[in-house]
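Following: one structure in structure tokens, then a few remarks.
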Amino acid sequence: MLDSLTILGGRSRTGEPEPVGRLDLRVGEVLAVVGPTGSGKTTLVNDLELFADGTTSTGRKVLVDGVPPPSRMRDEPSASPIALITQHTSFLSDLPVGEFLLTHARIRRSPTAAGRVVEETLAFANELTGEPIDARSRMTDLSGGQARALLIADATVVCDTPVVLLDEVENAGIDRARALALLRRHRKAFVFVTHDPHVALLADARLVMKGGAMTALLRADEADRRLAAVAGRMDFALARVREAIRAGERLAGSELEAFA
Ligand SMILES: Nc1ncnc2c1ncn2[C@@H]1O[C@H](COP(=O)(O)OP(=O)(O)O)[C@@H](O)[C@H]1O
Ligand SMILES: [Mg+2]
8 MLDSLTILGG RSRTGEPEPV GRLDLRVGEV LAVVGPTGSG KTTLVNDLEL FADGTTSTGR
68 KVLVDGVPPP SRMRDEPSAS PIALITQHTS FLSDLPVGEF LLTHARIRRS PTAAGRVVEE
128 TLAFANELTG EPIDARSRMT DLSGGQARAL LIADATVVCD TPVVLLDEVE NAGIDRARAL
188 ALLRRHRKAF VFVTHDPHVA LLADARLVMK GGAMTALLRA DEADRRLAAV AGRMDFALAR
248 VREAIRAGER LAGSELEAFA
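Here my numbering is used: the first residue of the sequence shown is 8, the next is one more, and so on.
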């Protein structure tokens with residue numbers, strides 16, 4: 008089982024050495040990748056997924072437990088300890104959810120464990136989404152939030168990879184704070200690209216990207232921890248207000264009053 012991943016810095020888009028020359032990520036840690044569009048966030052996540060060996064456009068190198076990974080990890084998808092989920096990731100299946108998960112669990116895990124793995128995956132997904140997933144519904148009929156919850160649960164429980172990467176996956180319909188807590192409990196290293204203040208503040212550190220380079224690593228400080236809770240309350244209040252507006256209600260006396 009893998010304990011850590013290391014990124015050795017390469018160069019920025021203009022060829023300068025990256026200000027952050029080395030980044031260590033341990034299993035159980037959560038890293039948020041932040042920065043404007045075009046700053047190199049997706050490229051960084053791809054370097055991780057490919058186990059860059061100095062030959063990608065950035066010149067970065069990825070180490071596993073401190074050493075270059077065996078080529079098998081790079082070449083055989085089923086041997087990779089990394090699951091990458093992007094906006095474009097989908098299941099490409101119209102099987103019922105239960106059957107799909109069972110098939111996948113039999114391949115990735117063992118036939119005897121498959122039943123238990125399916126139950127655990129559904130339970131995990133249902134903790135992430137407010138709309139419970141029925142094992143009998145077709146994969147293609149899942150809502151956006153249900154599909155994203157199932158993707159994360161499938162990567163975490165069925166694939167059981169120690170590293171999960173999320174590249175700007177839309178988070179509507181997903182309880183993000185809950186997702187982080189569950190991923191921590193499953194001892195995963197979790198790297199996600201996000202613009203969401205609440206999730207970014209819940210991470211152990213924020214990696215700041217600019218001009219294609221890793222420019223700073225901000226470890227979460229006392230203020231981040233304190234303000235994460237505030238951001239969470241604001242998120243919650245806004246979600247409730249959105250519902251109230253949708254339901255045609257007036258807002259006087261609503262959760263928003265706390266911020267008035
Ligand atoms: N270090 C780098 N060296 C060369 N090109 C880079 C580097 N980092 C990013 N790029 C290029 O810059 C463009 C934007 O990067 P991308 O990772 O898509 O940004 P973001 O995901 O933050 O919007 C892409 O074409 C990518 O290939
Ligand atoms: Mg991107």
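Glycine included, each C-beta is placed from N, C-alpha and C at the ideal position.
None of the values given here were measured: they were computed from a predicted structure.
Taking all protein chains in view, the Cβ of LEU135 is crowded by 16 or more other Cβ atoms within 10 Å, so the residue is classified as buried.
PHE266 and ASP203 have their alpha carbons spaced roughly 19 Å apart. Between PHE131 and ALA160 a beta carbon distance of about 4 Å is seen, short of the 8 Å cut, so the two are scored as contacting. Beta-bridge partners assigned by DSSP to THR13: ASP31, LEU70.
For VAL165 against LEU108, the beta-carbon gap comes to about 7 Å, under 8 Å, which counts as contact. Remark: the C-beta of GLY61 is outside contact range of ligand 1, defined as less than 6 Å to any heavy atom.
Nearest to GLU177 by alpha-carbon distance, out of PRO169, GLN94, ALA212, is GLN94.
Around the beta carbon of GLY17, 16 or more other beta carbons lie within 10 angstroms, which makes this residue buried. At least one heavy atom of ligand 1 lies less than 6 Å from the C-beta of LYS48.
Where THR168 is concerned, there is no enclosing beta strand (DSSP E), because DSSP gives it neither an H nor an E. Inclusion of ALA142 and GLY105 in the CB contact set at 7 Å is warranted, their separation being smaller than that value. ILE92 sits in a strand when the DSSP states are folded into three classes.
If you draw a straight line from the Cα of THR96 to the Cα of GLU262, it comes to about 35 Å. Look at the segment 211-253 and you find these whole runs of alpha helix (DSSP H), each 4 residues long or longer: 229-253. Taking 7 Å as the cut-off, the beta carbon of PRO76 is found closer than this to the beta carbon of PHE58. The DSSP-derived three-state label of ARG194 is coil.
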